[in-house]
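Asks: Going left to right, the sequence shown walks through residues 56 to 466 as this note's numbering numbers them. Cβ atoms here follow ideal geometry from the backbone N, Cα and C, with glycine treated the same way. Keep in mind the model is a prediction, meaning the values are calculated, not measured. Before I ask anything, here is the structure I am working with.
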Amino acid sequence: MNPITGGQMRIAMLSVHSCPVGRLGTKDTGGMSVYVLELARELGKSGHLVDIYTRVHDSEDRQIYELGRNVRLMHLKAGKGGEIHKLAVYAHLPEFTRELENFRQRTQFRYDLVYSHYWLSGLVGRQLCQWWDVPHLIMFHTLGVVKNTIGIGEIEPELRIETERELVKDCQRIIAATEKEKSDLIGHYGASPEAVHVIPCGVNLELFRPVDRKEVRRQLGFDGDGKNILYVGRIEPLKGLDKLLKAMTYLKNKPGIRLLVIGGDENNQCEINRLKQLSRELQIQGLVFFLGLIKQSELPFYYGAADVCVVPSYYESFGLVAMEALACGTPVVTTKVGYAENIIRQGRDGYVVMDNTPSTLSEKIARLLSRSNGDAKSVNARRATVTRFSWSKIAVRLARECETLRASHLR
Ligand code: UDP
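Listed below in structure tokens is the structure:
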């Protein structure tokens, strides 16, 4: 008997192109992987059975991993192993779908519903739900039309947008991370408002917690009277790092100021080189430290060492980084993206900037730097703004949603 809903559910979660245990901060592995893993673990803890299916990314991948109580990760073949461009995964989806069904038949396992992540997984999910006669729940994470409207970075192909339209029509429920995403689904894709339910993402409150600021700054070597501005995330044009670099030119005369950039690996080298070149052109190269990928387990030290965490993105469907920083008690300056605007109390937890210009970004960063933010009262108050987003609470909401869907499907 399940403590949350009263009935155990067997959920197939699909994350075809991005492995939930992949290296966070690389090209295609970020918030969505965190979501899938954290949510699956919480659902598993509360008694549901969750199998996550992803493609083999590495020849070393075992087929099945146990990721926690009641949670398994399955690697299935879809094209040659190794990292391939997201769009190239499309051609291998039929093979992935067949592999999944063969696997299921061999193990005689049955699922109550499929929860797909991103449009590529949505295609697999739609087919499986037809075969299995179970409901299809989908979360898109980002939307092709919205990305193209912003017009920064890679243009999303018509294939993606058409597929998203079909999936919106065919699935039984869409989970949106914000009200904005819901209205985009309705406005751009014709989704029915009843089919879209908003459930925000969560934050791992055990991992992301306040640390001894002075001590971590000393350990990381970013100490003294210096001011640490922090960026964490994948390195791609949509993340708006160029704006943050430009904002640094307004701040560069402040004593001891530095920008720590976390994220990206050799697959983003081109973008990293572009940003390094921009730093040189702006004559701030001595103030910017590209630290590469940092394991999530170590990130609380960096959030803790920072005077401010900046999210300069043009687009975030949710934006976990802002929540993680707040959970560590660090103030955040963010553009008006994702969920943060619903949480941040202007001037207390940070700022949401409305006009996205480097000068406004720098002005708000400077305001935060000009005062002391590290006292226990402010740190705890910032953390308190996100405690209702623990993954266990988010999992309860998601489980209810799944239960309702299953019940209405059986009727
Ligand atoms: N992250 C990490 N190490 C890095 C860079 C990022 O662990 O070097 C994690 C970070 O903690 C966050 C996720 O990657 O949980 C990024 O999620 P977010 O929603 O901010 O951005 P997305 O990747 O979805 O665009």
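What separation, rounded to the nearest whole angstrom, lies between the Cα atoms of Thr233 and Tyr394?
Replies: 6 Å
Asks: Who pairs with Met378 in a beta bridge, going by DSSP?
Replies: In the DSSP output, where bridge partners are listed per residue, Met378 has none listed.
Asks: Can you tell me which residues form a DSSP beta bridge with Asp106?
Replies: Ala67 and Arg127
Asks: Whole angstroms is fine: what's the gap from Gly295's alpha carbon to Pro367's?
Replies: 5 Å
Asks: Determine contact between the segment 107 to 121 and the segment 61 to 71, defined as no fewer than three beta-carbon pairs at a distance below 8 Å.
Replies: yes
Asks: Which one of Pro265, Leu381, Leu178 and Leu314 has the shortest CA to CA distance from Leu346?
Replies: Leu314
Asks: Measure the C-alpha to C-alpha separation of Ala439 and Glu138 and round it to an integer number of angstroms.
Replies: 39 Å
Asks: Would you call Met56 buried or exposed, if buried means 16 or more other Cβ atoms sit within 10 Å of its Cβ?
Replies: With a pLDDT of 41 at Met56, under the threshold of 50, the modelled position of this residue cannot be trusted, and the question is left open.
Asks: May I ask you to list the residues that DSSP assigns as paired with Gly402?
Replies: None; Gly402 has no bridge partner.
Asks: For the alpha helix (DSSP H) holding Leu342, just list the boundary residues, first then last.
Replies: Segment: none, Leu342 is in no alpha helix (DSSP H) and carries neither H nor E.
Asks: In whole angstroms, what is the alpha-carbon distance linking Cys226 and Arg181?
Replies: Annotation: Cys226 to Arg181 spans about 7 Å, alpha carbon to alpha carbon.
Asks: Given a threshold of 16 other Cβ atoms within 10 Å of its Cβ, counted over all protein chains shown, does Leu453 qualify as buried or as exposed?
Replies: buried
Asks: Based on Cα-Cα distance, which residue from Glu458, Gly245, Pro212 and Leu94 lies nearest to Val126?
Replies: Leu94
Asks: Does the distance from the C-beta atom of Ala302 to that of Leu122 stay below 7 Å?
Replies: No, the Cβ-Cβ distance between Ala302 and Leu122 is not below 7 Å.
Asks: Using DSSP's beta-bridge definition, name the partner residues of His191.
Replies: Val169
Asks: What distance in whole Å lies between the Cβ atoms of Leu262 and Ser372, which are believed to be in contact at a cut-off of 8 Å?
Replies: Incorrect: roughly 21 Å between the Cβ atoms, too far for contact.
Asks: Taking 6 Å as the cut-off, does the CB of Ile119 come closer than this to any heavy atom belonging to the ligand HEM?
Replies: This structure lacks the ligand HEM; the ligands present are the ligand UDP.
Asks: By Cβ distance below 7 Å, which residues in the same chain neighbour Glu219 in space, the five residues on each side in sequence not counted?
Replies: Within the same chain, and ignoring the five residues on either side of Glu219 in sequence, the residues whose Cβ sits closer than 7 Å to its Cβ are Trp174, Phe195, Leu198, Gly199 and Tyr244.
Asks: Which whole-angstrom value is the C-beta distance of Thr390 and Ala377, which I expect to be below 8 Å?
Replies: That belief does not hold up - the Cβ atoms of Thr390 and Ala377 are roughly 10 Å apart, past 8 Å.
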